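Residue numbers (our numbering), protein chains in the order written: chain A, 3 to 210; chain B, 3 to 210; chain C, 3 to 210; chain D, 3 to 210.
Idealized CB from N, CA, C, for every residue including glycine.
A quick note: this is a predicted structure, and the numbers were derived from the prediction, not measured.
Each remark here refers to the structure printed beneath this line.
Protein chains: 4
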Amino acid sequence: MTPAQPTEAAPTDDLPSPLRARGRRTRARFLEAGAIVFASKGLHAARVDDVVAVADTSHGAFYLYFSSKEDLFDSLVAEVADHLQELIDDLPPIRDTPSGRAALREWLARFAELYELYGAIIRTWTEAELFGDRSGQRGNDALGGLAAAMTANIRIPKRSGLDPAIASLALMTMVERVNYYTATGQLQATADEVLDTLVDVIAAAVFR
Amino acid sequence: MTPAQPTEAAPTDDLPSPLRARGRRTRARFLEAGAIVFASKGLHAARVDDVVAVADTSHGAFYLYFSSKEDLFDSLVAEVADHLQELIDDLPPIRDTPSGRAALREWLARFAELYELYGAIIRTWTEAELFGDRSGQRGNDALGGLAAAMTANIRIPKRSGLDPAIASLALMTMVERVNYYTATGQLQATADEVLDTLVDVIAAAVFR
Amino acid sequence: MTPAQPTEAAPTDDLPSPLRARGRRTRARFLEAGAIVFASKGLHAARVDDVVAVADTSHGAFYLYFSSKEDLFDSLVAEVADHLQELIDDLPPIRDTPSGRAALREWLARFAELYELYGAIIRTWTEAELFGDRSGQRGNDALGGLAAAMTANIRIPKRSGLDPAIASLALMTMVERVNYYTATGQLQATADEVLDTLVDVIAAAVFR
Amino acid sequence: MTPAQPTEAAPTDDLPSPLRARGRRTRARFLEAGAIVFASKGLHAARVDDVVAVADTSHGAFYLYFSSKEDLFDSLVAEVADHLQELIDDLPPIRDTPSGRAALREWLARFAELYELYGAIIRTWTEAELFGDRSGQRGNDALGGLAAAMTANIRIPKRSGLDPAIASLALMTMVERVNYYTATGQLQATADEVLDTLVDVIAAAVFR
DNA sequence: TATGAATGAGATTTCATTCAT
DNA sequence: AATGAATGAAATCTCATTCAT
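Right under this line is the structure:
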C-alpha cells in the first residue's frame, strides 16, 4: 500500500528479506490450520472462519495468501501428493523371499506413517473427488498411482481369475482402508499386528 | 429385495385411506430424489432446492415429510442399512471347497448388486461419518457389521501374523472399495473378472 | 354454547336442519380452540395449525367458517366485548354508604369472574391493539367504556388536583391489572382480600 | 442517566482501538433501530429486515452483533431494566407531609419521563412476558420490583381490608397504566394534571 | 361438510469474500 | 502485511391459505 515498498514488486527477487519471512510464516500457519480444520470437518463444512480462528489471524490476511477456500485445499493436496509420489517411486519389487517380505513390510510401515500424518487430508479429498472437485481428483490420482505402481511391480503370476490390475488395486485400497480404520481408532490393533496381517494377506494373494 | 415390504406400511396411522396413499407416494418421491441428489453432490453440497426440483414438488411439501435435509438423509441411510443387515444375516460360511467358493462368489455378487443400487448413498455416508454426522455412523456401523459377521463366519486358521479380525476387516473393505471403483467407472473390468479376483484373493488369504 | 341457540340465525333460512347444526358445532369448536390457543401464545405466535389441532378438525374446515386467523380473533373479541358491555350497563352508582360499598364490591366480583373466564383474550387484544390491529381496538374500546361509565357514575367530589376522568381511568385500569396479576397467579391472594382492598382504595380515592 | 456510563465500555476486549469503536457504533445503531421497530410493531411482527432497514446496514452485520431477533430484544430489555432498577433504588419514603408528597410527585415525574423514553419497550415486553418469553419475564420482574419496593417503603397503615402487598401492587400498576394511556395519547391530559391525580389517589389510599 | 396434501411468498440465517483503515 | 467490519447472495425453514377429493 505504501508507495515506498518494493517488496511486492519482486517475483524476480529471491532474497529472503525479513518481510518475506514473516509472510511465509503466516502462509504456513494457514496451511497448518487448514489441515486441522479440513480434517475435522471436511471440505464443505469447513468455514474460512474456522481456519482464520485456528490460525489466529484475520479474514483479510487469508485472502492475501489464498484466492479462495478451495485454493487453500489445493495447496494442501499438492503437498500430500508430493509425499505420495515419493512412496510410489520407492515401492520395492515384491518377492516371496524373506528379504522381499521385509522390504514390503518396511514400505507398508512408511505408508502407515504418512497416513497417520496426512490421512485426514486424504480422507477429505476422497470426499471432494466423489463430488467432482478438481483438487480431489488430483489427490486421488496420486493414490491411483500407487495401485498402478503395484501392478507394474508385483509380477502377479497369471493364475486363472486373478487379474493383476484388479488385484493390485484391491490390495492397495485394502491397505489404505485398514490404515484409515487404524488411524481413526476404529480398529484396535498394534502397528505390528496390522503390518503382519497385511503382508501376509498380500503375499498369500499374490503367491499362489 | 423382497417385493412385499411391510416395513413402510404403517408409519403412524393404520388406515390405508386413499388420502394417506397420496402422501406416502410423495414421501417416496422425496426419498428417490434425495438418493439421486446426494449421490451426485454429496451431503453438504446437496440443496433442499435440488431435491425439491428433482421430486418436482414444493418447498413446503418437503418439510411436511422431513424436518430437515439431514432427516431425509437419515431416512435413506436407514433404508440402506436394512438391506445391508439382510446381507449380513445371509453371509455363507466360507469353505475352501468348490461349493464354498461358489457360495462366496454368489454372496459377493449380491453385495455388488446392492452396491450398484445404493453405492452412492454408502459413499455419501462415509463422507458424513468422517465428519461426525450421526447418521453416517449408523450407516458405517452396518458396514462394520459385515466385517464382524465375516470375522465370525470365516474361521480363518490361526496362522502366525494373521489376526482374524484385522484380516476380515481388511478383506471386507477391499470388497467395498473394489465395488466402489467399479461402480464409479474408475475400474474397467467385467463383473465376472472382479468377482473371480475377489474370491481368489479372499480364498488365498484365508486358506493359507 | 348450548345447542338450542337460535342466535346465529340463518341469513335466509331459519330451519335448524341437522346439517346446519353440525356446522354450528364445528364453528363453536374453533372458537373454543381459538380462545385456548390465543391465550397461551398470543395473536401473532398462534398458528392456524395449533387451532386446528386443538379443535381436532382440518385446515380446510377452518376456512369454511373463518376467512382468516384474524377473523377468528375478531369473533372472539366480539363475544367478550358483548359481555363487557353488560357490565358497563350494570355499573352501580358509587356511594360512600354501606350499601354503596356492597354494590361496588358485588360489581367488582362480577368483573373478576369475567376476567377469569376471558382474561386471556383481553390480554391478547391489548397486544393486538398496541400494534395497530383493528380488532384489538374494538376490544379496548370496550374496556375504555368501563372507565367512561365510571367517570359518569362516580360523582367524584371536585377536589383540587383530582381530575375525575383521569381518576376513574386510573382506578379502572388498576382493577384490570390487579385481576390480571391474580388470574396469572402472580399475585397470591384470596378473592376476598383482593376485593376488599380494591373497594377500600377506590372509596378512599373518591371520597375525600 | 448518568452521562458517563462505564457499563457499555468494555464488552470483551479492553483495547479502545479505533477499529473496535466502529463496531460499537454499529451495535448501538441496531439497538436504536430495534427500539423503534419493536415499539411500532411488537416483538413478533417485527422483522429483522425492518431493523436492518432502519439501522441502514446489512443482514450480515446484524448477525455479527446479535445471534437472533430475540437476542436484540433481550439486550434492549436489559438496558431498560437497568434504568428501572435505579428508580427502585430511589423510591422515597412515602409520608403524608407536604415534603413527602412533593418527593412522591417528583419520583412519579421521573417514572413518567422514563416511560416516555422506554414505554414502547416496556409495553412490548409485556407482550413477550404474557406468552412465555424469558426476556419478557426479566423485564416484568423489574416492574414487579417497583411494587415490591413500594410495599417495603410505603408503610401503609394496617387497616382492615387493606393488604399492603395488594395495595401497593395495585397502585404501582395503576401508575404504569396511566402513563401508558398518556404516552400513547389515549389519555388527553397535561403531565401536571396526571401527576396531581396520581399523588392524590395514592395518598388517599394510603393515609386513610 | 370435511379432509389432508400441497403451495409459495416471505422470513431467518449463514458465510465466502471485499473493503476501509 | 494485517486487521476486523461489512456485504449480499444464497440457503434453510415457516405457515397462512388453497385445492383436489
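Exercise for the section: Go through its chain and collect everything with a Cβ distance to V50(C)'s Cβ below 8 Å, but skip five positions before and after it. Expected result: H61, F64 and K71
Exercise for the section: Mark G187(C) as exposed unless 16 or more other C-beta atoms lie within 10 angstroms of its C-beta, in which case mark it buried. Expected result: exposed
Handout entry: Where the alpha helix (DSSP H) through G62(C) begins and ends
Key = H61 to Y67
Exercise for the section: Could you check the C-alpha separation between D84(D) and E34(A) for me, to the nearest Å? Expected result: 46 Å
Handout entry: Cα-Cα separation, A245(D) to D165(D)
Key = The question about residue 245(D) has no answer, for chain D in this structure spans 3 to 210.
Practice task
Pull up the CB-CB distance for F40(A) and T128(A), whole angstroms please, since I reckon it's below 8 Å.
Solution key: 12 Å between Cβ atoms; not a contact.
Problem - Coil, strand or helix - A6(D) by DSSP - result: Any reading at A6(D) must be qualified, since the residue scores a pLDDT of 39, below 50, and its modelled position is unreliable; the value itself is stated next. Coil at A6(D), not helix or strand.
Problem - Option in M176(A), D143(A), T59(A) and Y183(A) with minimal Cα separation from R24(A) - result: T59(A)
Practice task
Over the uninterrupted alpha helix (DSSP H) stretch that includes S170(A), give me the two end residues.
Solution key: P166 to A185
Practice task
Using a cut-off of 7 Å between C-beta atoms, extract the partners of D165(C) located in chain D.
Solution key: A191, E195 and T199
Handout entry: Cβ neighbour criterion (16 or more within 10 Å) applied to E178(D)
Key = buried
Practice task
In the DSSP assignment, find the alpha helix (DSSP H) that holds S77(B) and state where it starts and stops.
Solution key: K71 to D92
Handout entry: Under 7 Å from the C-beta of Y183(D): neighbouring residues of chain C
Key = L171
Handout entry: First and last residue of the uninterrupted alpha helix (DSSP H) at A199(D)
Key = Note that residue 199(D) is Thr in the sequence shown, not Ala. Here the alpha helix (DSSP H) through T199(D) covers A193 to V208.
Practice task
Would you please verify whether the beta carbon of I38(B) is less than 8 Å from any beta carbon of chain A?
Solution key: no
Practice task
Pick out whichever of R27(A), M152(A) and Y117(A) has its Cα sitting closest to the Cα of D92(A).
Solution key: M152(A)
Practice task
Could you please tell me which residues of the segment 102 to 114 of chain B, in chain order, have their CB closer than 9 Å to any CB of chain A?
Solution key: none
Practice task
Pick helix, strand or coil for T28(B), following the three-state DSSP scheme.
Solution key: helix
Practice task
Measure the C-alpha to C-alpha separation of E108(D) and R97(C) and round it to an integer number of angstroms.
Solution key: 32 Å
Practice task
Starting from A48(D), follow the alpha helix (DSSP H) in both directions and report where the run begins and ends.
Solution key: Here A48(D) belongs to no alpha helix (DSSP H), and DSSP marks it neither H nor E.
Exercise for the section: Measure the CB-CB distance between A169(B) and A207(B) and report whether it falls below 8 Å. Expected result: yes
Exercise for the section: Count the other C-beta atoms from every protein chain shown that fall within 10 angstroms of the C-beta of D194(A), then say buried if there are 16 or more, exposed otherwise. Expected result: exposed
Practice task
State buried or exposed for A144(C), treating a residue as buried only when at least 16 other CB atoms are found within 10 Å of its CB.
Solution key: buried
Practice task
Using a Cβ cut-off of 8 Å, pull out every chain B residue sitting near T153(A), in sequence order please.
Solution key: The premise fails here: T153(A) is roughly 12 Å from chain B at the closest Cβ pair, so nothing lies under 8 Å.
Handout entry: C-alpha distance - L78(C) paired with R29(C), whole-angstrom precision
Key = 12 Å
Problem - Between the CA atoms of A191(C) and P100(C) - distance to the nearest angstrom - result: 24 Å
Practice task
Grab me the residues of V201(B)'s own chain with a C-beta within less than 8 Å of its C-beta, minus the 5 sequence neighbours each way, in chain order.
Solution key: R103, L106, R107 and L110
Exercise for the section: Pick out whichever of L66(C), V54(C) and H46(C) has its Cα sitting closest to the Cα of R22(C). Expected result: L66(C)
Practice task
Would you verify that the beta carbon of R49(A) is, or is not, closer than 8 Å to some beta carbon of chain B?
Solution key: no
Practice task
Return yes when the Cβ of M176(C) is within less than 8 Å of the Cβ of A149(C), no when it is not.
Solution key: no
Problem - Residue closest to E118(D), alpha-carbon to alpha-carbon, out of A37(D), A205(D), F209(D) and A172(D) - result: A37(D)
Exercise for the section: Leaving out five residues on either side along the sequence, give the residues of the same chain with a beta carbon under 7 Å from the beta carbon of A114(C). Expected result: N181 and A193
Handout entry: chain A contact for R1(B) (CB, 8 Å cutoff)
Key = It is not possible to answer for residue 1(B), since the shown part of chain B is limited to 3 through 210.
Problem - F68(D) versus L74(D) - alpha carbon distance - result: 6 Å
Practice task
Would you please state the rounded distance, in angstroms, between the beta carbons of F32(D) and A55(D)? I believe it to be under 8 Å.
Solution key: 12 Å between Cβ atoms; not a contact.
Handout entry: Interface flag, R179(C) vs chain D, CB-CB below 8 Å
Key = yes
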